[in-house]
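Structure first, then comments.
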Amino acid sequence: MQKDEIPACAGMTISYYSSIIYSQLIPLKLCYLSAYYELYCKPKLFHKSRMAITKEAVLKALGTVQEPDLKKDLVTLNMIRDITIEGNKIGFTVVLTTPACPLKELIKNSCIDAIKKQVAENAEVQVNMIADVTSIRMTGPLLPGVKNIIAVGSGKGGVGKSTVTSNLAIALSKAGAKVGLIDADIFGPSIPLMFDVEGERPRVIQENGKNLILPIIQYGIKLISIGFLAPPDTAVVWRGPMASSALKQFITDCDWGELDYLLIDLPPGTSDIHLTLVQTLPVTGAIIVTTPQKVALIDAQKALSMFSMGQIKVPVLGVVENMAYFTPAELPQNKYYIFGKSGGKELAEKNNVSYLGEIPLVQSIRESGDSGKPAVMKDDITAEAFKKIAETVAQQVAIRNAGMEPTKTVEINR
Ligand SMILES: Nc1ncnc2c1ncn2[C@@H]1O[C@H](COP(=O)(O)OP(=O)(O)OP(=O)(O)O)[C@@H](O)[C@H]1O
Ligand SMILES: [Mg+2]
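In the numbering used here, the protein residues as written are 3 to 416.
Right, dumping it as structure tokens:
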């Protein structure tokens, strides 16, 4: 035995031998514990993560997640892209049908749940949510880059079509969509005022030997209105056909480029302008704006029936009830149903179309319109109401595109 291996005294001898025992036993105990864990605990805890994670397993799990509106699973709908797997880190992209999707969070959470339950409980899931707005427009010579054309009509004048269209355009754009707006009210254009671009004049460019009008861009929206082309204080005294040809020019001679949604703010009534629109373009869907009072509902019903009639067949995306109740800014919980209650909702139910939501009558909405900064640009309850309607509209467009035939342009012999 070497000198340094011999204990110098009895006390040291005890501590020497006990240290040997401990140094041998503790690792032995740990060894048993770890074997026990490997054999009995780990398989139970992580039985789903023992196998290597595969793309097939991820797709299988995501194939059980339903798109609540379209009633099909995300894989069948081709909404899953770019799956990546690194150890227990799983990443993928979900391509929504619109950036204004109100179900974004719900879909994301359902994906994470499905992966954790069906692939690996300890997975770190990274979901990237993007949107590619759907379109079933057949590519034709007109507006080939425009995915969806949405007409906003009412029947009765002054019920808030231009207000709703402006706010809808900005809400969709804020959500990430590319949006354009045609002010089809040739005799009473409101869009230049509502977007604070009165006095602007669009530029004209030459493309392939053709003159093209460049829409005015304000708040990210491409805009065209007769108000940009005629002095604002001069009356446009045109016959119907001239007004119709102005609208046609807005469609054919403007550089609209790529858009997810092109909104058309219609004049009141059911006029030549309406017919020109549906004869020139396949309109994806129409929104009807009404106040809840009887006199507005009668006209709204006429507008709704016009879009639905056999020869026209433009799907009605739904009804917006504007000025649903009055509420004073200082007492927002007080609601006064000065134009009646739920008229728009009942109109939607009667016609079996969606109810897109209600907007209260609030002084600040009128003020925002007049000052050229639509209400949805603020951060208050009226902005929330418009944002919600925009989400519902985008949702209805996606549902319409998934389940219905493309709209055809109308041929009417008169
Ligand atoms: N919810 C609301 N609360 C307060 N004011 C509103 C509301 N909606 C619209 N208004 C105001 O009512 C007036 C009429 O609205 P708007 O011009 O949008 O109606 P319209 O249906 O487009 O009219 P027209 O038929 O003349 O084109 C505007 O002054 C607008 O600011
Ligand atoms: Mg208007």
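Cβ atoms here follow ideal geometry from the backbone N, Cα and C, with glycine treated the same way.
Determine which residues share a DSSP beta bridge with residue i and list them.
i      : result
Gln208 : Asn213
Asn131 : Contrary to the premise, residue 131 reads as Met rather than Asn in this sequence. DSSP lists Val96 as partners of Met131.
Asn150 : Tyr263
Gly287 : Ile152
Thr86  : Gly93
Glu444 : The requested residue 444 is not part of the displayed model; the chain covers only 3 to 416.
Cys256 : Ile215
Assuming residue i contacts residue j under a Cβ cut-off of 8 Å, what Cβ separation, rounded to an integer in Å, is found between them?
i      : j      : result
Gly417 : Pro294 : Any answer about residue 417 is impossible in this case: the structure gives the chain only from 3 up to 416.
Leu283 : Ile253 : 6 Å
Ile429 : Ile228 : The requested residue 429 is not part of the displayed model; the chain covers only 3 to 416.
Val322 : Gly271 : The Cβ separation is near 18 Å, so there is no contact.
Thr78  : Asn130 : Actually they are not in contact, since the Cβ atoms of Thr78 and Asn130 sit about 20 Å apart, beyond 8 Å.
Leu105 : Ile82  : About 16 Å separates the two Cβ atoms, so there is no contact after all.
Gly287 : Leu319 : 4 Å
Val154 : Thr167 : 5 Å
Gly182 : Trp258 : 6 Å
Met325 : Phe341 : 6 Å
Ser307 : Thr278 : Ser307 to Thr278, Cβ: 19 Å. No contact.
Asp71  : Ile401 : 5 Å
Can you tell me whether residue i is helix, strand or coil according to DSSP?
i      : result
Met308 : helix
Asp372 : helix
Ile401 : helix
Thr165 : helix
Gln295 : coil
Thr78  : coil
Glu413 : coil
Leu231 : coil
Glu351 : helix
Gln68  : strand
Pro243 : helix
Ala102 : coil
Glu202 : coil
Val366 : Contrary to the premise, residue 366 reads as Ser rather than Val in this sequence. If DSSP states are grouped into helix, strand and coil, Ser366 belongs with the helices.
Lys250 : helix
Leu144 : coil
Ser175 : helix
Val395 : helix
Asp381 : coil
Val238 : coil
Ala54  : coil
Leu170 : helix
Leu268 : coil
Gly342 : coil
Glu407 : coil
Ile300 : helix
Phe388 : helix
Lys62  : helix
Which first and last residues belong to the beta strand (DSSP E) in which residue i is found?
i      : result
Gly320 : 318-328
Glu360 : 357-363
Gly182 : 181-185
Lys224 : 223-226
Ile219 : 218-220
Start and end of the alpha helix (DSSP H) containing residue i?
i      : result
Asn111 : 106-120
Leu333 : Where Leu333 is concerned, there is no enclosing alpha helix (DSSP H), given that its DSSP letter is neither H nor E.
Asp274 : 274-282
Leu195 : 193-196
Against chain C, does residue i count as a neighbour if the rule is that its beta carbon must be under 9 Å from one of theirs?
i      : result
Val238 : Of the protein chains in the structure, only one exists, and it is not chain C.
Q.
Would the region 224-232 count as touching the region 113-122 if we require 3 or more Cβ pairs under 8 Å?
A. no
Q. Is there contact between the region 126-135 and the region 89-101, where contact requires at least three CB pairs shorter than 8 Å?
A. yes
**Q.** Heavy atoms of ligand 3 versus C-beta positions, residues under 7 Å
**A.** Questions concerning ligand 3 fall outside what the structure shown contains, since the ligands it does hold are ligand 1 and ligand 2.
(Q) Three Cβ pairs or more, each shorter than 8 Å: is that satisfied between the region 260-279 and the region 171-180? (A) yes
Q: Please determine if the region 386-398 and the region 351-367 are in contact, where contact requires at least 3 C-beta pairs separated by less than 8 Å.
A: yes
Q | Contact the region 98-115 vs the region 396-405: 3+ CB pairs below 8 Å | A | yes
Q.
Check whether the region 178-193 and the region 350-358 are in contact - that is, three or more C-beta pairs closer than 8 Å.
A. no
Q.
Using a Cβ distance threshold of 8 Å, determine whether the region 194-212 contacts the region 371-380, with at least three qualifying pairs required.
A. yes
**Q.** Inter-stretch contact (C-beta, 8 Å, three-pair minimum) for the region 154-173 and the region 301-310
**A.** yes
(Q) So, does the region 135-144 touch the region 401-414, judging by three or more C-beta pairs under 8 Å? (A) yes
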